[in-house]
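Numbering (my numbering), first residue to last: 21 to 583.
The beta-carbon is built from N, C-alpha and C at its ideal position, and this holds for glycine as well.
Written below as structure tokens is the structure these notes are about.
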């Protein structure tokens, strides 16, 4: 049992805690307990799970949980991830777990508690991973499509067998409600299943020749090493959607996960290893924010890398494109969105409200296809706003992602919260009205109330850039032409949604919306069998579906003459 300043069993513990302050910045007593728990885990022990057992198997845990049952229990569940057999903290290169000279912390966004410290891979580790992938590529590209499919299917099966552990890892490092995390794991695994099936459907062509003594063939071959750079908001699904296609095509990969959520990528590496994916085919190099630019540059400029696949902001995508241009790499990118959600007078208002709730507040508004601008026609505007506000108040519940009933977890960090605040302050200063929400929640510094604004105009910041948070601004419009002009004014075009019961209008608007994906009377459009991607500055290429595998294939024309 530990002693000294981190001991939790001394009698003076309880008097040291100040009175709880529900509206306080860090949540009063419960936050102080969280900090004490976090400090307790800093003892240098051989396995991260050992840190957990020191606290959770001790009598002090019961004392603390008696004081703050809900908050501490949630923190304990986040810490319990450390005991998972899938927890890894090193990089994964060439089939081996590797350490680096430095580490960086991974924190629970709900409490700020440190979950683990992960290898901070740099330029040397990135180069080693690229080399390992390149050397493994010759053998992997020669493996039959049937064998590649079988290995992807084994990986899928292991994900399903370990779905609960994988979901808990997501909730711990990302903060999203456990139910959403469980849904993400099923979605994530489905890409391995889908591309296991697509691996055997990579067909070439035979083209009739214009001369009798020639035969013309078209082959499809893997591009080579693919660098996979993924975001924190879907730390599992954004990897498998890319990696599943790459491995099915015969490519090898180097994955650089987001610095906020590396644990999911490393857990996937452990399962890939268990599935028998050969050494060097799937590599992971986690790194801190400080190392990210240098590692990203290596992945985009190394001549051994043939392909870049990135999901993230448009600004970062442009930087990576500039780096990739030097060696003219194949590039696919899923970048920022600014999704419009149009509700016409002919719409079923109740159905539109249900779709709006799902489209806007999933993952606390932190998805690239979340609605960012609501455009509601004048005839039903007031009814829609009233019903939407009521649904927000009654159906959305803020809390730790491990708490039963939570629908709204924390934002990923305080910087994300500050952006939401900045958008609200700007809108209100220009005449917008807060219908509900509008401020941080007392649960903790990264929690923000689901917010609805009315009297919003197109000059406000929240209608000009992606918020990536739980903010729903509503713009009133009069005509279909006006709505389309507002919706299409953005320089990005990932997803768009609209509600109407007029068949002619449905066809017109679906064809005229300048986005890559359209939801008609539907607020969630993502599915493994459907092509995911945008137009304008929302990216290049498509992921998922039968089209997704083409991003990792080269077309080779063969002319067989002298026959």
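Looking only at its own chain, which residues have a Cβ that is under 6 Å from the Cβ of residue 292, when we skip the five neighbours before and after it?
175, 302
Under 8 Å between the Cβ atoms of residue 146 and residue 220?
8 Å or more divides the Cβ of residue 146 from the Cβ of residue 220.
Looking at the structure shown, is residue 354 part of a helix, part of a strand, or coil, going by DSSP?
strand
Can you give me the start and stop residues for the beta strand (DSSP E) that residue 395 sits inside?
Where residue 395 is concerned, the enclosing beta strand (DSSP E) starts and stops at 391-397.
Can the beta-carbon of residue 498 be found closer than 8 Å to that of residue 398?
yes
Three or more C-beta pairs closer than 8 Å, one from the region 342-358 and one from the region 551-563: is that the case here?
yes
What did DSSP end up calling residue 168 once you bin it into helix, strand or coil?
DSSP places residue 168 within a helical segment (H, G or I) once states are collapsed to three.
Measure the CB-CB distance between residue 299 and residue 122 and report whether it falls below 8 Å.
no
Where do the ends of the alpha helix (DSSP H) carrying residue 190 lie?
183-194
For the alpha helix (DSSP H) that residue 374 lies in, which residues bound it at each end?
Looking at the DSSP string, the run of the alpha helix (DSSP H) that includes residue 374 is 369-381.
Alpha carbon to alpha carbon, how far is residue 209 from residue 383? Give it in angstroms, no decimals.
Rounded to the nearest whole angstrom, the CA to CA distance from residue 383 to residue 209 is 19 Å.
For residue 579, which of 195, 230, 214 has the nearest alpha-carbon?
230
Within a Cβ cutoff of 6 Å, which residues of the same chain sit near residue 257, ignoring the five residues on either side of it in sequence?
204, 207, 208
Taking its Cβ as the centre, do 16 or more other Cβ atoms sit within 10 Å of residue 356, making it buried, or is it exposed?
buried
Quick check on the burial criterion: 16 or more other C-beta atoms within 10 angstroms. Buried or exposed for residue 246?
Classification for residue 246: buried.
Consult DSSP for residue 50 and reduce its assignment to one of helix, strand or coil.
Because residue 50 carries a pLDDT of 37, less than 50, the predicted location of this residue cannot be relied on, and no value is offered for it.
Is the distance from the Cβ of residue 274 to the Cβ of residue 297 below 8 Å?
no
According to DSSP, residue 237 sits in a beta bridge with which residue or residues?
According to DSSP, residue 237 bridges with 226, 578.
Hey, how far is the Cα of residue 566 from the Cα of residue 533?
24 Å
DSSP has residue 474 in a bridge; who is on the other side?
453
Straight-line CA distance for residue 236 to residue 222?
18 Å
Output the boundary residues of the alpha helix (DSSP H) element that contains residue 338.
334-345
The ligand FMN and residue 97: does any heavy atom of the ligand fall closer than 7 Å to the residue's C-beta?
The ligand FMN is absent from the structure shown, which contains no ligand whatsoever.
The beta strand (DSSP E) that contains residue 125, what's its start and end?
123-127
Run through the DSSP bridge pairs and tell me what residue 157 is partnered with.
Residue 157 is not bridged to any residue.
Rounded to the nearest angstrom, what separates residue 572 and residue 108 at their Cα positions?
28 Å
Residue 120 and residue 141 look like a contact to me (Cβ under 8 Å); what is the Cβ gap, rounded to whole Å?
At roughly 5 Å, the Cβ-Cβ gap stays under 8 Å, so residue 120 and residue 141 are in contact.
Is there contact here, the region 511-519 with the region 463-474, by at least three beta-carbon pairs under 8 Å?
no
Mapping the DSSP letters down to three states, classify residue 71 as helix, strand or coil.
Caution is warranted here: a pLDDT of 40 is assigned to residue 71, below 50, making its placement in the model unreliable, and no coordinate value can be reported.
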